[in-house]
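Novice:
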Amino acid sequence: MPRASAADAAKTARSILEVATRQFAERGFADVSLDDVAREAGVTRGAVYHHYRSKAGLFREVAAALQTHVADAVVKAAELAGASPADQLRAGSHAFLDAITSGDAVRILLIDGPSVVGWEEWRRLDAENSAAHLREALGEVGVDEELLDAMTAQLSGAMNEAALWVAQHADSEEARKRAHAVLDRILRAM
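Residue numbers for the sequence shown follow the UniProt record's numbering, so the first one is 1 and each next one is one higher.
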C-alpha cells in the first residue's frame, strides 16, 4: 500500500485535531476515547496514535492550538484598537475574555487543561501565548518593571476566573456583559 503524501498526512492530522477539539469541548477529556475521535474523523485509531501518540498528547495539541487561537484574537483586537497603549490593553483584554468564553476554549483550556496537561505545562502554554501579550501591554502602559510579573499573573488570573464565571451561568451573554464591565473597572483603576 502506498504511503500517504506529506499533504495527506497533514490533512489527516488537522481532521483528527478538529474532531478532538469538538469532542473534548462537548464532553470533556474523561468522556472522549480515541476510538470516538478516530471514528468521527474517518481514520483508524492507529492513525490517531501515529499523529499524536496518546490521548493526552492529542489533548495537549488541542490545548496548544486553542491557546494560539486565543492569543491571535488578543493581538488582532489590540492592533485594531489604535495607537494608545491603554486602548490596546483594553481591547486585547476584552478580546481574551470573549475568545476564551466562546466556542471550544473554556472547557478545554480552563476546566480540563490544567489537570490533563499538568499545571506546569498549562502555565507554560499560557505564558507563551496570551500572558506574553498581556505582559507586553502592561509594560507599554507603564507598569513598573518590578511589578510587571505580579501584575500579569494577577490580571491574567482575574480574567481566567471571569471566564469560568461566565461559563457557569445559564445566561452567558448577560454574564459576559457583567464580566466586561468589571474588567473595564479593573483596567481603569490601573
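Cβ coordinates follow ideal geometry from the N, Cα and C atoms, glycine included.
Could you pull out every residue in the same chain whose Cβ sits closer than 6 Å to the Cβ of residue 192, ignoring the five residues on either side in sequence?
Specialist: There is no way to answer for residue 192, as the model of the chain reaches only from 1 to 190.
Novice: If Val70 and Ile100 are in contact, beta carbons under 8 Å, what's the gap, nearest whole angstrom?
Specialist: If you number the sequence shown from 1, residue 70 lands on position 70. If you number the sequence shown from 1, residue 100 lands on position 100. That belief holds up - the Cβ atoms of Val70 and Ile100 are roughly 5 Å apart, short of 8 Å.
Novice: Around the Cβ of Gln168, are there at least 16 other Cβ atoms within 10 angstroms (buried) or fewer (exposed)?
Specialist: Within the sequence shown, residue 168 is the residue found at index 168, counting from 1. Result: exposed.
Novice: What are the start and end residues of each continuous alpha helix (DSSP H) run of 4 or more residues lying completely inside the region 71-129, in chain order?
Specialist: Correct list: 85-101, 113-117, 119-128.
Novice: Return the first residue and the last residue of the alpha helix (DSSP H) that Ser5 is part of.
Specialist: As a first step, residue 5 must be located in the sequence shown, where it is residue number 5. It is not in any alpha helix (DSSP H) - Ser5 carries neither H nor E in the DSSP assignment.
Novice: State the DSSP-derived secondary structure class of Ser33, mapped to helix, strand or coil.
Specialist: As a position in the sequence shown, residue 33 is number 33, starting the count at 1. Reduced to three states, the DSSP call for Ser33 is coil.
Novice: Helix, strand or coil, according to DSSP, for Gly28 in the structure here?
Specialist: Within the sequence shown, numbered from 1, the residue matching residue 28 stands at position 28. Reduced to three states, the DSSP call for Gly28 is coil.
Novice: Distance, Cα to Cα, Asp112 vs Ala83?
Specialist: Sequence index remark: in the sequence shown, residue 112 carries index 112 (1-based). Sequence index remark: in the sequence shown, residue 83 carries index 83 (1-based). Cα-Cα distance, rounded: 37 Å.
Novice: May I ask you to report which of helix, strand or coil DSSP gives Val43?
Specialist: Stepping through the sequence shown from its first residue, residue 43 is reached at position 43. It is coil, neither helix nor strand.
Novice: Leaving out the 5 sequence neighbours to the left and right, which residues in its chain are closer than 7 Å to Ala158 when beta-carbon positions are compared?
Specialist: As a working mapping, residue 158 is identified with position 158 in the sequence shown. Closer than 7 Å at Cβ, skipping near neighbours: Ile186.
Novice: Quick one: residues in its chain with C-beta nearer than 8 Å to the C-beta of Met1, no 5 flanking neighbours on either side, listed in chain order?
Specialist: What you label residue 1 is simply residue 1 of the sequence shown in a count that begins at 1. The predicted position of Met1 is uncertain, since its pLDDT is 49 and thus under 50; a value taken from the coordinates is nonetheless stated next. For Met1, where only same-chain residues beyond five positions count, there are no Cβ hits under 8 Å.
Novice: Once DSSP output is grouped into helix, strand and coil, what is the label at His169?
Specialist: Locating residue 169 in the sequence shown gives position 169, counting from the first residue. Here His169 sits in coil by DSSP.
Novice: Buried or exposed: where does Trp122 fall if 16 or more other Cβ atoms within 10 Å of its Cβ makes it buried?
Specialist: Residue mapping note: residue 122 aligns to position 122 of the sequence shown, counting from 1. By the 10 Å Cβ count, Trp122 comes out buried.
Novice: Distance check for Ala6 and Leu125, CA to CA, integer angstroms please.
Specialist: Position 125 of the sequence shown, counted from the start, is the residue given in the question as residue 125. Position 6 of the sequence shown, counted from the start, is the residue given in the question as residue 6. Roughly 27 Å separates the two Cα atoms.
Novice: Compute the beta-carbon to beta-carbon distance between Thr12 and Ala47, rounded to the nearest angstrom, for a pair I have assumed lies under 8 Å.
Specialist: On the sequence shown, position 12 is the one that residue 12 refers to. On the sequence shown, position 47 is the one that residue 47 refers to. 6 Å between Cβ atoms; contact.
Novice: Just the C-alpha distance for His51 and Ala64, rounded to the nearest angstrom, thanks.
Specialist: Counted from its first residue, the sequence shown places residue 51 at position 51. Counted from its first residue, the sequence shown places residue 64 at position 64. C-alpha separation (whole angstroms): 15 Å.
Novice: Of the choices Asp149, Gly103, Ile16, whose alpha-carbon is the least far from that of residue 191?
Specialist: This structure gives no information on residue 191, because the portion of the chain shown stretches from 1 to 190.
Novice: I'd like to know if Leu155 contacts chain C, where contact means its C-beta is closer than 8 Å to some C-beta of that chain.
Specialist: The chain inventory of the structure shown lacks chain C, comprising one protein chain alone.
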